[in-house]
Amino acid sequence: MNLDRRQALAAIIFAASVATIGGAWLYESLGYLPCELCYKERIPYYAAFALAPLAGFTARTGRAGLARGAFLLLALLFAADAALSVYHSGVEWKIFAGPSDCSGAVNQAGSMADFMKQLQTVKVVRCDEPSLYVLGLTLANWNALITAALAGAAGFAARMVKRDPARRV
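If you're matching positions, the sequence shown starts at 1171 in this note's numbering and goes up one per residue.
Structural data, given as structure tokens:
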């Protein structure tokens, strides 16, 4: 079976999503726990597990409207995730204030006794302190690059469907 460009882009988006989440799970298994923002940045990848195959299949079967919609939704999700990753990178670099539940002042309890009790029961992974650098970039930095590329690929595929929905490229 020959893949056209739209199907190939859907397969690339799917494979990149699986690889990215697989890499995140690998780092977790090595003891690098994600912060709250990291968990939120994974949502578009999980959505891509369903949307990318849908986009590829509908492009192959000539359902241009559905294929275009799936690609556009992927593009929007990944573009929003790129923006969130840029924000997360800014939090790590202390450019932006992070969410109060994973950055900022450590003691947000009413008293020292409350704070000590919280320390015994909760492990908070801070959003403003990267625990891992890969080739000089944090995982939030890498995610910004990956999601921007995936948003571009999905947007390009959506334009291809709109421009020539029936043609096998």
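Ideal Cβ positions, reconstructed from N, Cα and C, are used throughout, including at glycine. Only a predicted model underlies this, so the values are computations on that prediction, with no experimental measurement involved.
Using alpha carbons as the reference points, say which of the options lies closest to residue i.
i, options, result
"alanine 1319", "Ile1265, Pro1269, Leu1246, Met1282", "Leu1246"
"cysteine 1208", "Phe1227, Thr1231, Glu1262", "Glu1262"
"glycine 1239", "Ala1252, Ala1249, Ala1225", "Ala1225"
"isoleucine 1183", "Ala1250, Asp1284, Phe1241", "Phe1241"
"isoleucine 1191", "Arg1230, Leu1309, Thr1228", "Leu1309"
"valine 1304", "Asp1284, Tyr1197, Val1188", "Tyr1197"
"arginine 1212", "Lys1287, Gly1268, Ala1250", "Ala1250"
What whole-angstrom Cβ distance do residue i and residue j have, given they're in contact under 8 Å?
i, j, result
"alanine 1180", "proline 1214", "Not quite, the Cβ-Cβ distance comes to about 15 Å (not below 8 Å), so this is no contact."
"leucine 1302", "tyrosine 1202", "5 Å"
"alanine 1323", "serine 1255", "That belief does not hold up - the Cβ atoms of alanine 1323 and serine 1255 are roughly 16 Å apart, past 8 Å."
"alanine 1252", "alanine 1321", "6 Å"
"phenylalanine 1219", "serine 1187", "6 Å"
Which residues does DSSP pair with residue i in a beta bridge?
i, result
"leucine 1221", "For leucine 1221, which the question treats as bridged, DSSP gives no partner whatsoever."
"threonine 1190", "Answer by DSSP bridge pairing: none, since threonine 1190 is not bridged."
"tyrosine 1303", "Thr1308"
Output the boundary residues of the alpha helix (DSSP H) element that contains residue i.
i, result
"aspartate 1251", "1234 to 1262"
"glutamate 1299", "No alpha helix (DSSP H) contains glutamate 1299, which DSSP labels as neither H nor E."
"cysteine 1208", "1206 to 1211"
Beta-carbon within less than 6 Å of residue i's beta-carbon, same chain only, minus the 5 sequence neighbours each way: which residues are those?
i, result
"alanine 1217", "Leu1247"
"alanine 1178", "none"
"tryptophan 1312", "none"
"proline 1300", "Glu1262, Thr1308"
"alanine 1237", "Ala1225, Thr1228, Ala1229, Val1331"
"alanine 1327", "Arg1176, Leu1179, Phe1241"
"glycine 1325", "Ala1245"
"alanine 1185", "none"
CB-CB under 7 Å to residue i, same chain, minus the five flanking residues each way: which ones, in chain order?
i, result
"tyrosine 1257", "Phe1266"
"serine 1199", "none"
"leucine 1221", "Ala1240, Leu1243, Leu1244"
"lysine 1287", "none"
Counting only the same chain and skipping the five closest in sequence on each side, list residues whose C-beta sits under 8 Å from that of residue i.
i, result
"lysine 1264", "Asp1298"
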